[in-house]
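Following the numbering used here, the numbering of the sequence shown begins with 890 at its first residue and continues without gaps.
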Amino acid sequence: MARSRQPVLPLTPLKNSSPPGVVIRCLMPTLTPEEYSGTRLANHKLALAITPYFFNLIDPADENCPIRRQVIPRVEETHTASWEMADPCGEDSHSPVPGLVHRYPDRVLFLVTDRCAAYCRYCTRSRLVSNASGYDFHPEFDRQIEYIRRHRGIRDVLLSGGDPLLFSDEKLAYLLRRLREIPHLEFLRIGTRIPLFLPQRITPELCAMLKNYHPLFVSIHSNHPRELTTEVRAALGRLADAGIPLGNQSVLLRDVNDNEIVMKAHVQKLLLCRVKPYYLYQCDLISGSAHLRASVRRGLEIMEKLRGHTTGYAVPAYVIDAPGGGGKVPVSPEYVLSRNADRVVIRNYEGRIFEYPEAADGTPLLPAPKEIGEPELV
Ligand code: SF4
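Here you go:
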């Protein structure tokens, strides 16, 4: 349930969700000096915007509130390490037309807008979203769609941005309809954080419209169980009732969810909300995000505490988006201890060790026993 102990920001969520630092300080006098400096500097990198709904989830008495750490800027954002990048996933170098990223052979990322309802301080697309750093993003839908039409190997389009669900129902339907007219497209996806930032946007009308474009999947982005409020659960239920398979993408964030208890609670609560935990991302090397990045070691320890310890459906794939544009690489605790032509030695989630006899590409290792050997001809 969204807590209402704080005043609601005097801003309407869609028209203007960008309270300046002074407004935030008025509403949350407990801002730390690091946060206050961050709010004053933030707009040089990524605009500061928080929906009133999400702002009200922040615990003002807790400096380490996991909601707060995701959206309130800190002065550390101005510290940049030499290995950090403005475009850590190399999207721009895989962009054949503005707003389209074609990295994998059979699918494309279709960036539809540079606006989000709120801005995550670790956003991989900080260079682009909010236009704070002057990227000047202008998607050209006709060119994007024409590229997809001409490339018959593309079977899957992910609409993202920015957040596609900031569009009106009509504008989104227009795009989906045009994509559905392309015969070789099998599958559409929408990546959105709106169900978490603004669950009220998931109206019955929106769900009824989306239903017309199946198969359509929606990937949400939630990082902490406290985001999964009653309102969010209801919004996700409406999407699920419209037949839309839901997956979640989390980013592993220091002092937000880099903890096995928090992560387990999160993935289990996602299932309660009818959402499959899909990916756990190692935080990309986005400039100014070192204070939010947890280590890969921590990520592996967390995965170790999930696999076998909770429902398999609740276990996401832990991936690193290879810096510079190598795509997603799965990383996992090591369960195969050794392997040769004859056997595989594995361990289970309890650390017990087992041997599995290797099958040599369909040839049995041992001759079949006589009784089940070749049938005799009569
Ligand atoms: S909602 Fe997604 S695109 Fe928007 S700021 Fe957050 S991570 Fe970036």
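Glycine included, each C-beta is placed from N, C-alpha and C at the ideal position.
The segment 936 to 954 and the segment 1170 to 1188 do not touch, with fewer than 3 CB-CB distances between them shorter than 8 Å.
When C-alpha distances from residue 1065 are compared across 1001, 1085 and 1149, the shortest belongs to 1001. The three-state secondary structure of residue 974, taken from DSSP, is strand. The beta carbon of residue 1224 sits closer than 7 Å to the beta carbons of 1235 and 1236 from its chain, once the five residues preceding and following it are set aside; these are given in chain order.
When C-alpha distances from residue 920 are compared across 1243, 938, 947 and 936, the shortest belongs to 947. Across the structure, residue 1012 and residue 1024 are spaced so that their CA atoms are roughly 15 Å apart. When the Cα atoms are used, residue 1201 and residue 1192 turn out to be separated by approximately 12 Å. Straight-line measurement puts the Cα of residue 974 at about 21 Å from the Cα of residue 985. In the three-state DSSP reduction, residue 993 falls in the strand class (E or B).
In the DSSP assignment, residue 1091 falls outside any alpha helix (DSSP H), carrying neither H nor E. Judged by the Cβ position, residue 1170 fails to qualify as a neighbour of the ligand SF4 at the 6 Å threshold, every heavy atom of the ligand being at least this far. The C-alpha of residue 976 is placed about 29 Å away from the C-alpha of residue 1067.
If you draw a straight line from the Cα of residue 964 to the Cα of residue 1150, it comes to about 29 Å. Ranked by how close their Cα comes to the Cα of residue 932, the residues 1016, 956 and 971 have 1016 in first place. According to DSSP, residue 1211 shares a beta bridge with 1216. Of the heavy atoms belonging to the ligand SF4, at least one sits nearer than 6 Å to the Cβ of residue 1009.
In the three-state reduction of the DSSP assignment, residue 1244 falls in the strand class.
Residue state for residue 912 is assigned as helix, using DSSP reduced to three classes.
Residue burial is scored here from C-beta neighbours: residue 1125 has at least 16 other C-beta atoms within 10 angstroms and is therefore classed as buried. Across the set 1030, 1009 and 1148, the C-alpha of 1030 shows the shortest separation from the C-alpha of residue 1063.
In this structure, the alpha-carbon of residue 942 lies about 42 Å from that of residue 1041.
When Cβ pairs closer than 8 Å are counted between the two stretches, the segment 1107 to 1127 is seen to touch the segment 1080 to 1098, the count reaching three or more. In this structure residue 1043 is in contact with residue 996, their Cβ atoms being roughly 6 Å apart against a cut-off of 8 Å.
Separation of residue 1053 and residue 1189 (C-alpha to C-alpha, rounded to the nearest whole angstrom) is 32 Å. Per the C-alpha coordinates, the member of 1221, 960, 917 and 1167 positioned closest to residue 1137 is 1167. Closest in C-alpha terms to residue 1098, from the list 1075, 1081, 1244 and 1060, comes 1060. Nearest in C-alpha terms to residue 1056, of all of 972, 1083, 1197 and 1232, is 1083.
Check the Cα spacing between residue 926 and each of 1244, 1240 and 911: the tightest is with 911. One Cα belongs to residue 1245, the other to residue 1155, and the distance between them is close to 34 Å.
Contact check for residue 962 against residue 988 fails: the beta carbons are separated by 7 Å or more. Here residue 1018 is near residue 1005, since their CB atoms are less than 7 Å apart. Here residue 983 has 990, 991, 992 and 1214 as same chain residues with Cβ atoms under 8 Å from its own Cβ, once five neighbours each way along the sequence are excluded. Assignment of residue 1144 by DSSP, reduced to helix, strand and coil, places it in the coil class. Bounds of the beta strand (DSSP E) holding residue 1106 are 1105 to 1109.
When secondary structure is reduced to three states using DSSP, residue 1054 falls in the helix class.
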